[in-house]
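One structure is given below, encoded as structure tokens.
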Amino acid sequence: MQQEEAVEQMLEQGGIPISQLCNSRVNIDLLQCPICFNILWKPIACGQDRCFSSFCQFCIESWLNQKNAQSTLEEEEGTFANENNCPKCKRVFIKTEIPLVKVLLSQIELKCVHQDCIQVIPYEEYENHIINCKEKKKQCRGCQQYILQNKLEEHETECSQIPVECQKCHKIMPKIELEFKHDKYNCIDNLFKIQDQKLENLYNQYLICDDIINYYEEKIGRMINGDLIVLNEYNFFTIFNANYQFTNDNLYIARLVRNSYNYNKQKNDFLHFYVDYHFTTGLEGYEWRTRLIRLRGNLLIGVCSSQLSNSVDFIVNRLGEVKKKEENDNRYHIIRKVNFTFGEGDVIRFQILPFMQCLRITNETRHLTFCFNRNELQEMGDQYFSFFSLEYQGDALQFL
Numbered sequence: 001m002q003q004e005e006a007v008e009q010m011l012e013q014g015g016i017p018i019s020q021l022c023n024s025r026v027n028i029d030l031l032q033c034p035i036c037f038n039i040l041w042k043p044i045a046c047g048q049d050r051c052f053s054s055f056c057q058f059c060i061e062s063w064l065n066q067k068n069a070q071s072t073l074e075e076e077e078g079t080f081a082n083e084n085n086c087p088k089c090k091r092v093f094i095k096t097e098i099p100l101v102k103v104l105l106s107q108i109e110l111k112c113v114h115q116d117c118i119q120v121i122p123y124e125e126y127e128n129h130i131i132n133c134k135e136k137k138k139q140c141r142g143c144q145q146y147i148l149q150n151k152l153e154e155h156e157t158e159c160s161q162i163p164v165e166c167q168k169c170h171k172i173m174p175k176i177e178l179e180f181k182h183d184k185y186n187c188i189d190n191l192f193k194i195q196d197q198k199l200e201n202l203y204n205q206y207l208i209c210d211d212i213i214n215y216y217e218e219k220i221g222r223m224i225n226g227d228l229i230v231l232n233e234y235n236f237f238t239i240f241n242a243n244y245q246f247t248n249d250n251l252y253i254a255r256l257v258r259n260s261y262n263y264n265k266q267k268n269d270f271l272h273f274y275v276d277y278h279f280t281t282g283l284e285g286y287e288w289r290t291r292l293i294r295l296r297g298n299l300l301i302g303v304c305s306s307q308l309s310n311s312v313d314f315i316v317n318r319l320g321e322v323k324k325k326e327e328n329d330n331r332y333h334i335i336r337k338v339n340f341t342f343g344e345g346d347v348i349r350f351q352i353l354p355f356m357q358c359l360r361i362t363n364e365t366r367h368l369t370f371c372f373n374r375n376e377l378q379e380m381g382d383q384y385f386s387f388f389s390l391e392y393q394g395d396a397l398q399f400l
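Here it is in structure tokens:
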């Protein structure tokens, strides 16, 4: 039976073993797969000129997939490899079919893989015969014996080792055990074990829920008490890499080293950079501080819904003007004026306050406070980003 299963597996994962050949009116060497060296099965050919080598479908697809994976690995390591190459001609494999190969294959006859079957099968009928052969055997789920597949259902109906389920305690056991050994006491004992397992699962779920409750109680307590997570390490992101210089050796300085002059507007463009950390509208509160170590031009302090150009933005500038940019709009429109200004040397503190649902910005040097309010943050969606925008070459911020 193991040999029969091995041959069936070859049909799924390669060609037909030469040992299965019964009669052939052609030279069988012409019909062997160059990869598995078995008789071609579901042949596919290389369409390159002067090649036309044929392979088993499974063999050539496995070969190409393996070479693609190897090529990807070599690319990552910095080397080069030719992918999708034919094993014979070494050129790019072009999938095709050759009618002559199918005609030649139709000239051979094969033996059935099932031991008791003496039928000789034409190549084109081989797959259907292997699946539906009357001598094909399958393994019984109970006694593990191999039974003719057309008699397997009858056998399993009578087999004493076939697994069955007790309708009361739902335990799976051999049929003979259910009929002669599994009495009401065994059934009650199994029911108690099932209930004990359910109670244990419920207790484990209770412990998990208790941990979750404690976690959120701690968060809510910190939120009510004003305890915030203080950021002291920063990463920055910008698309203007040629314009910004970032220092990350515990100084965390962002400096505009090259401005961008807009000749149409006759002024410098504002160039964004982001604190590469997304903030959510959940229960976590955050705090960080920034020193304006050099500020000769203007500065935009803002929040946005994404790090893409089509985001919703809210900004405040050094004149206390609060402006908004709609999605898919490139212009900022003033929405209000606030008593909030800043300049070179000032220290700005940022606080995300989930209990108040706002981002509070405080100029610690000038004792001025401004907030992006709940409605503005809600327009960001589930998460938002903090960004800064400089216009004057040499202006710099240090994140503390």
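First residue of the sequence shown: 1, per the UniProt record's numbering; consecutive thereafter. Glycine included, every Cβ here is placed at the ideal spot set by N, Cα and C.
Item checked: residue 120 - containing beta strand (DSSP E), residue span -> Counting along the chain, the beta strand (DSSP E) containing residue 120 begins and ends at 120-122.
Note to self: Please return the same chain residues whose Cβ sits closer than 6 Å to the Cβ of residue 376, not counting the five positions on each side in sequence.
What the structure shows: 314
Next item on the list: Can you have a look at residue 245 and say buried or exposed, based on whether 16 or more other CB atoms are within 10 angstroms of its CB?
Entry: exposed
Notebook entry, point to check: Using a Cβ-Cβ cut-off of 6 Å (strictly less than) and excluding sequence neighbours within five positions of residue 187, which residues of its own chain qualify?
Noted result: Excluding positions up to five away in sequence, the list reads 168, 169.
Item checked: Identity of the residues DSSP links to residue 392 by a beta bridge -> Answer is none; residue 392 lacks a bridge partner.
Notebook entry, point to check: Is it buried or exposed for residue 242, if we count other Cβ within 10 angstroms and need 16 for buried?
Noted result: exposed
Note to self: I need the DSSP call for residue 99, collapsed to helix, strand or coil.
What the structure shows: helix
Note to self: Please state the DSSP three-state secondary structure of residue 365.
What the structure shows: coil
Item checked: Own chain partners of residue 332 with C-beta closer than 6 Å, once the 5 adjacent residues on each side are dropped -> 323, 325
Next item on the list: Would you tell me roughly how many angstroms separate the C-alpha atoms of residue 426 and residue 92, rounded to the nearest one?
Entry: Limits of the chain in this structure are 1 at one end and 400 at the other, which puts residue 426 out of reach.
Check: Do residue 393 and residue 258 come within 8 Å of each other at the CB atom, strictly closer than that value?
Finding: yes
Notebook entry, point to check: Whose C-beta lies closer than 6 Å to the C-beta of residue 26 among residues of the same chain, with five residues either side of it excluded?
Noted result: Cβ neighbours of residue 26 within its own chain (closer than 6 Å, five residues either side excluded): 104, 107.
Margin query: Beta-carbon within less than 7 Å of residue 272's beta-carbon, same chain only, minus the 5 sequence neighbours each way: which residues are those?
Written below: So the qualifying residues of the chain are 238, 387, 389.
Item checked: Other residues of its chain near residue 317: CB distance less than 8 Å, five sequence neighbours each side excluded -> 298, 299, 300, 301, 323
Check: Are the CB atoms of residue 146 and residue 137 nearer to each other than 8 Å?
Finding: In contact: residue 146 and residue 137 (Cβ atoms closer than 8 Å).
Check: Terminal residues of the continuous beta strand (DSSP E) containing residue 300?
Finding: Boundaries of the beta strand (DSSP E) around residue 300: 299-304.
Note to self: Are the CB atoms of residue 52 and residue 34 within a distance shorter than 8 Å?
What the structure shows: No, these two residues do not count as a Cβ contact at 8 Å.
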